[in-house]
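Colleague:
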Amino acid sequence: MDERPDPLPRDAPASADAGGWIKFVAPIILGVLWLMAWEAWVRLGEIPDYKLPAPSAIAQTLHSEWPALADAWAVTLTTMLAALLLAVIVGVLLAVLFVTSRIVEFSLFPYAVMLQVTPLVAIAPFIVVWIGWERVWLTQLVCAWIVAFFPIVANTAMGLRSADRGLRDLFALYGATRWQRLRMLLAPSALPYFLAGLKVSANLALVGAVVAEFVIGTQVDNPGLASTIFESQLRSDTPTMFAALALVSLTGIMTFFATQLLSYLLLRRWHDSAVH
Amino acid sequence: MTPSPLVELVGIRKTYANGTLALDDFNLSIADGEFVSLLGPSGCGKSTVLRMIAGLTVPTSGTLRRAWDGGTQAGDQPVSCVFQEPTLAPWADVWSNVFLPLRLRGRRKAQARPMVDEALTLVGLEQFAHAYPRELSGGMKMRASVARALLTRPRLLLLDEPFAALDEIARSRLNDDLMMLWRERQWAGLFITHSVYEAVFLSTRVLVMSPRPGRVVQEIAIDLPMKRSAEVRGSRRYLELCQQVSQALAAATECLPAGALNG
Numbered sequence: 074m075d076e077r078p079d080p081l082p083r084d085a086p087a088s089a090d091a092g093g094w095i096k097f098v099a100p101i102i103l104g105v106l107w108l109m110a111w112e113a114w115v116r117l118g119e120i121p122d123y124k125l126p127a128p129s130a131i132a133q134t135l136h137s138e139w140p141a142l143a144d145a146w147a148v149t150l151t152t153m154l155a156a157l158l159l160a161v162i163v164g165v166l167l168a169v170l171f172v173t174s175r176i177v178e179f180s181l182f183p184y185a186v187m188l189q190v191t192p193l194v195a196i197a198p199f200i201v202v203w204i205g206w207e208r209v210w211l212t213q214l215v216c217a218w219i220v221a222f223f224p225i226v227a228n229t230a231m232g233l234r235s236a237d238r239g240l241r242d243l244f245a246l247y248g249a250t251r252w253q254r255l256r257m258l259l260a261p262s263a264l265p266y267f268l269a270g271l272k273v274s275a276n277l278a279l280v281g282a283v284v285a286e287f288v289i290g291t292q293v294d295n296p297g298l299a300s301t302i303f304e305s306q307l308r309s310d311t312p313t314m315f316a317a318l319a320l321v322s323l324t325g326i327m328t329f330f331a332t333q334l335l336s337y338l339l340l341r342r343w344h345d346s347a348v349h
Numbered sequence: 005m006t007p008s009p010l011v012e013l014v015g016i017r018k019t020y021a022n023g024t025l026a027l028d029d030f031n032l033s034i035a036d037g038e039f040v041s042l043l044g045p046s047g048c049g050k051s052t053v054l055r056m057i058a059g060l061t062v063p064t065s066g067t068l069r070r071a072w073d074g075g076t077q078a079g080d081q082p083v084s085c086v087f088q089e090p091t092l093a094p095w096a097d098v099w100s101n102v103f104l105p106l107r108l109r110g111r112r113k114a115q116a117r118p119m120v121d122e123a124l125t126l127v128g129l130e131q132f133a134h135a136y137p138r139e140l141s142g143g144m145k146m147r148a149s150v151a152r153a154l155l156t157r158p159r160l161l162l163l164d165e166p167f168a169a170l171d172e173i174a175r176s177r178l179n180d181d182l183m184m185l186w187r188e189r190q191w192a193g194l195f196i197t198h199s200v201y202e203a204v205f206l207s208t209r210v211l212v213m214s215p216r217p218g219r220v221v222q223e224i225a226i227d228l229p230m231k232r233s234a235e236v237r238g239s240r241r242y243l244e245l246c247q248q249v250s251q252a253l254a255a256a257t258e259c260l261p262a263g264a265l266n267g
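Protein chains in written order, with this note's numbering: chain A, 74 to 349; chain B, 5 to 267.
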């Protein structure tokens, strides 16, 4: 057969390479320039540490306070990841349930929305009251989970419903069982939607974990990064605040790239969003 | 007409949920090895007939008899369908897409490999087994769709305007190949189209439908040689038949009594 596939649109390799190279280097250069300017400004202006520490002072604090900061980081990171995992499990199960039964969806969905649109800071004190001060970590987990699960439910449910009608007919024609339909048709159709939800959820899980720590305050045995910021503020220890903040940012950036990479790996062969 | 047809629809009536009467007193019978085309204006219920035979929708009233109902052996797929769209799963390569009907029947890859490879060779896609649908041209996607439909060696192949979206060249090549496959594999075909030329070229019988509520208003037997090729397209008989079918279609569309034509 001499039909040829349509050539895929591609950029010329040279320009694509240049784009890729600049994409990484440009922000790094800008960041380094920014840090240098900051350093110079603090030094020349003789600004005291408690107002604005220089990047070098923050780096030093990161080094000297590392054991405590690493523990705090582990607390926040564990909360975030556990909440995200729970959000994925509950979110996907709920989405499947919604798609299976309209009545379940109609009954539950408004409450899921309500939970989503009420600011976490307003709900968190109640969760503290109900779960109790003794189980601080559980409180943090629930807070992070509440904000993280909604994008996964909403996106996955939409994805499960967006399966191609023709393919649905085909599965019906060949007598597919409900389970086969879910596994081989609905799940792959929903995957790009789920991944888009996951990107948002991962970030929200971090926000939830941090907000929960702020609400709970400093009276905890195992402070996370936000508790550390809070507590350092009370001691006017600005360099430690900045060091903890840097770790929060780093966590967010890592999460972003991790979900981005996961999405790329799963979709690159077939989905328009990931094929270049 | 054989004594026990493969599919028989008698006095079928179909009303949609919104109250539209799509089919009224629709009658159709297809025997083993026939290739029947349903030709009619858009919206006359052609696709509804096909979906009924496929079991994707049920008649409101009337009798639908399918030879395979009730007593099929396990693993037997008596009916297959090629839709208007290629309907391939974008996340799976061509091989896996073609394998799907057997996968749904619980076959393992290794078990199904010879059959899938054979189906791909049949439509000339053996080189593209591991390409993804997005990497294929429209014609190649349709070929993959045909391979998937033929994989289970159906007794009846339903084709719902399968090549309508293709360019003329790809379309006539696929029609030629379809004819070859039909002679080789000897399935019965029900072809839905609104192209007169396609209907005449492919069929042993052309049924012309009226606008909604659809029913068969004229039946034209196509007495062209079984081996249809490019010469057939140029033959006088082919052109005569095309003209006859065109007139029947025009008459049906204007709601003239079918008998007024051929008298």
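The beta-carbon is built from N, C-alpha and C at its ideal position, and this holds for glycine as well.
1) Look at residue 154(B) and residue 189(B) and say whether their C-beta atoms are less than 8 angstroms apart.
2) Apply the 10 Å Cβ neighbour rule to residue 184(A) and answer buried if 16 or more other Cβ atoms are within range, or exposed otherwise.
3) With distance defined between alpha-carbon atoms, name the residue in 9(B), 24(B), 11(B) and 34(B) nearest to residue 210(B).
4) Do residue 38(B) and residue 257(B) have their C-beta atoms closer together than 8 angstroms?
5) Beta-carbon separation of residue 324(A) and residue 108(A) under 8 angstroms?
6) Does residue 343(A) come within less than 8 angstroms of chain B when only Cβ atoms are used?
7) What distance in whole Å lies between the Cβ atoms of residue 83(B) and residue 158(B), which are believed to be in contact at a cut-off of 8 angstroms?
8) Compute the Euclidean distance between the alpha carbons of residue 171(A) and residue 269(A), then round it to the nearest angstrom.
9) For the beta strand (DSSP E) containing residue 160(B), name the first residue and the last one.
10) Reducing DSSP to helix, strand and coil, say where residue 228(B) ends up.
11) I want to see whether chain A comes within less than 8 angstroms of residue 235(B), judged by CB atoms only; does it?
12) On a Cα-Cα basis, can you pick out the residue from 344(A), 246(A), 280(A) and 261(A) that is closest to residue 197(A)?
13) Would you please verify whether the beta carbon of residue 87(B) is less than 8 angstroms from any beta carbon of chain A?
14) Check whether the Cβ of residue 79(A) lies closer than 8 angstroms to any Cβ atom in chain B.
15) Under 7 angstroms: does the beta carbon of residue 167(B) sit that close to some heavy atom of the ligand FMN?
16) Just to make sure I have the definition right: I need the residues of chain A whose C-beta is within less than 9 angstroms of the C-beta of residue 105(B). Which are they?
17) For the alpha helix (DSSP H) containing residue 15(B), list its first residue and its last residue.
18) Thinking C-beta only, is residue 287(A) closer than 8 angstroms to residue 303(A)?
19) When you compare the segment 215-229 of chain A with the segment 163-177 of chain A, are there three or more beta-carbon pairs, one atom per stretch, that lie closer than 8 angstroms?
20) Taking 8 angstroms as the CB-CB limit, is residue 232(A) close to chain B?
21) What number of angstroms, rounded off, separates the C-alpha of residue 252(B) from the C-alpha of residue 103(B)?
22) According to a CB-to-CB cut-off of less than 7 angstroms, which residues of the segment 155-171 of chain B neighbour chain A?
23) Quick check on the DSSP output: the alpha helix (DSSP H) that includes residue 311(A) runs from which residue to which?
24) Using a Cβ-Cβ cut-off of 7 angstroms (strictly less than) and excluding sequence neighbours within five positions of residue 79(B), which residues of its own chain qualify?
Modeller: Taking the definition as stated:
1) A contact, by the Cβ cut-off of 8 angstroms.
2) exposed
3) 34(B)
4) no
5) no
6) yes
7) 6 angstroms
8) 19 angstroms
9) 160-164
10) coil
11) no
12) Sorting 344(A), 246(A), 280(A) and 261(A) by C-alpha distance to the C-alpha of residue 197(A) places 280(A) at the top.
13) Yes, residue 87(B) counts as interfacial toward chain A.
14) With a pLDDT of 47 at residue 79(A), under the threshold of 50, the modelled position of this residue cannot be trusted; read the value that follows with caution. Answer yes: the Cβ-Cβ gap between residue 79(A) and chain B drops below 8 angstroms somewhere.
15) Absence of the ligand FMN is noted for the structure shown, with no ligands found whatsoever.
16) 243, 246 and 247
17) Taken as a continuous stretch (DSSP letters only), residue 15(B) belongs to no alpha helix (DSSP H), being part of the beta strand (DSSP E) at 11-19.
18) yes
19) yes
20) no
21) 41 angstroms
22) none
23) 311-340
24) Caution applies to residue 79(B), whose pLDDT of 47 falls short of 50 and renders its modelled position unreliable; the value that the coordinates give is listed next. 109, listed in sequence order.
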